[in-house]
Each structure stands twice: as structure tokens, then as C-alpha cells.
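Asker: I have a structure here, written as C-alpha cells, and I will follow up with some questions on it.
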Amino acid sequence: MFAAERCCSFLIVAVTLFHMCLANLPPSIVPCHRDNPDLNNCIIKAVEDLRPLLATGELGEGYRSPPLEPLYLDNIELGRGRQFEAVFSEMVVKGGNFTGKYFMKLNILLLDIQGRGNMRGYCENAKALVKIRGVRVPMPDGLEYVRFTRLPLKINIDVFKLHLDNLFNGDRILGDVGNTIINDNQDLYLSEIIPGLERGLSKKFLDIANMMMANTTFDEMFPL
Numbered sequence: 002m003f004a005a006e007r008c009c010s011f012l013i014v015a016v017t018l019f020h021m022c023l024a025n026l027p028p029s030i031v032p033c034h035r036d037n038p039d040l041n042n043c044i045i046k047a048v049e050d051l052r053p054l055l056a057t058g059e060l061g062e063g064y065r066s067p068p069l070e071p072l073y074l075d076n077i078e079l080g081r082g083r084q085f086e087a088v089f090s091e092m093v094v095k096g097g098n099f100t101g102k103y104f105m106k107l108n109i110l111l112l113d114i115q116g117r118g119n120m121r122g123y124c125e126n127a128k129a130l131v132k133i134r135g136v137r138v139p140m141p142d143g144l145e146y147v148r149f150t151r152l153p154l155k156i157n158i159d160v161f162k163l164h165l166d167n168l169f170n171g172d173r174i175l176g177d178v179g180n181t182i183i184n185d186n187q188d189l190y191l192s193e194i195i196p197g198l199e200r201g202l203s204k205k206f207l208d209i210a211n212m213m214m215a216n217t218t219f220d221e222m223f224p225l
């Protein structure tokens, strides 16, 4: 399960998408009709009811969604300026913890920190504001389908800790110093990391949304 206090869990996105996208609903999803005068609260309740189920993707009675734990991310570009350049790849996120590979060049407190190798870390109290935009697409079968075009996402993270192997060409002492400096000064680089995470997660969830929407009509998504 994704721990509430140690996030990196963007279940709200997938929950909302599945609430809208499944034509034949599993018992764990209560449909919200488009003419419901209290539509917003209906969707919020459906989201909260589904949240615990999406880590495994087991929605009941044989219905499944792509499990969100662990979550796989790749080629996340973080920072592009002279002071900070990094790429996170082969990331596996479970709860608030993550592992993967990294490449990094960072200038912090007059120290040039560079490395490439394995990494691990965790984040705490991460929150996301998510919007989703789509269009109605008429198809040859005479029905209208929905395709999502944008999924802008804004993240706020209180704590983001890293341990990077092989800093300074594997020098253990310098590597320990580099990791300590990085983690003691997250405010100096976290603003560079977050936009890359937002882009990577936005693309990931947009792809998932459109994959699930492939055979679902507009009327099935939003019944009268």
C-alpha cells in the first residue's frame, strides 16, 4: 500500500480515470451520472473508496487495473542548467521509497558533485494537484470516444532524500560527503528536480489514461 505520510503516490490520478473509464463497473466503483447535482462530491467519495485498491489493481470480481505499486518510471530529466543536470532512469517506486539509476552534475556550495550509478531514496509528505483535459472524437462506428490530450500535474514535496552510489568515481569518503551535502541542502536543488518529476509522471498517467480509454465511449464515461 502507498503510505499516506510517505507519498510519491499519485493514486488520485488513476482512481479518477478508472472511475470515469470503466464501462462495466466493478462493485468497488459507484457510478456518478452527469446530471447528479452533487457530482463533485460523488466523484470524491468514489475516489476515496477506490484508493486502497489501486496499489495492487484488484478491483473485485475479476476486474483489474494496471497496478500502481510498484510504479515504473524511466528517463526522467531533472534540471538543465549549468548548476544542475541529472537524469533518473529505471526507477521503481514503492510507497515513498524508490530505487533506480542516475547521472548527475551538481554545483552546490561551491562544490562540483558528479556521478553515475545506482541510487535509492525516499520522499515524505508529497502532494499533487492534477488536472486532465480531453476531446470528444467521432469514430467510423458512429460513436464518440474521448481522448485525453493533457494531464498537467503540480507536485509539492516536503522531504526528498537521496543516496547516490559512485559519486566522485567511487571514492567512498568523497561520496559520503557529497551525499550529506545533497541531503542537507535539498532546498537548493529540489526546485530543479520537481519539474522533471512532473513531466515524467504526467506523461506516464496520460499514456495510461488513453490506453484505458481506447474502447470506451463518451456516453459510457458520462451516463445520463
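If you read the sequence shown in the working numbering, its first letter stands for residue 2, the second for the next number, and so on. Glycine residues also receive a C-beta, built at the ideal position from the N, C-alpha and C atoms.
1. Can the beta-carbon of LYS102 be found less than 8 angstroms from the beta-carbon of GLY116?
2. Based on DSSP bridge pairs, tell me the residues matched to ASN98.
3. Look up ARG35 in the DSSP assignment and say whether it is helix, strand or coil.
4. Mark LYS205 as exposed unless 16 or more other C-beta atoms lie within 10 angstroms of its C-beta, in which case mark it buried.
5. Distance, Cα to Cα, VAL138 vs ILE209?
6. Mind reading off the beta-carbon distance from PHE149 to ASN211? Whole number of angstroms is fine, and I expect it under 8 angstroms.
7. Does LEU130 come within less than 8 angstroms of chain B when only Cβ atoms are used?
8. Quick check: the Cα distance between CYS98 and ASP142, rounded to an integer number of angstroms?
9. Per DSSP, what are the beta-bridge partners of LEU130 in this structure?
10. Check the DSSP bridge columns for TYR103 and list the partner residues they point to.
11. Can you name, in chain order, every residue of its own chain whose Cβ lies under 6 angstroms from the Cβ of LEU130, other than the five neighbours on each side?
12. LYS106: which of PHE169, VAL93 and LEU72 sits nearest, CA to CA?
13. Closest by CA to VAL88, which one among SER203, LEU198, THR218 and GLU62?
14. Report buried or exposed for MET214, applying the criterion of at least 16 other Cβ atoms within 10 angstroms of its Cβ.
15. Going by beta-carbon coordinates alone, are GLU125 and ASP159 separated by less than 8 angstroms?
16. For GLU145, which residues from the same chain have a beta carbon less than 8 angstroms from its beta carbon, with the 5 sequence-adjacent residues on both sides left out?
Answerer: Straight from the coordinates:
1. no
2. Among the bridge pairs identified by DSSP, ASN98 is matched with LYS95 and TYR123.
3. coil
4. buried
5. Looking at the two C-alpha atoms, the distance is approximately 18 angstroms.
6. With a Cβ gap of about 6 angstroms, PHE149 and ASN211 count as contacting.
7. The displayed structure is made up of one protein chain only, and chain B is not part of it.
8. In the sequence as presented, Cys is not what sits at residue 98; that position holds Asn. Computed Cα separation, rounded: 45 angstroms.
9. LYS155
10. Paired residues: PHE89 and GLY118.
11. LYS155
12. PHE169
13. That would be LEU198, whose Cα lies nearest to the Cα of VAL88.
14. It counts as buried.
15. In this structure, GLU125 places its C-beta atom within 8 angstroms of the C-beta atom of ASP159.
16. Closer than 8 angstroms at Cβ, skipping near neighbours: ARG137, VAL138, PRO139, THR218, PHE219 and ASP220.
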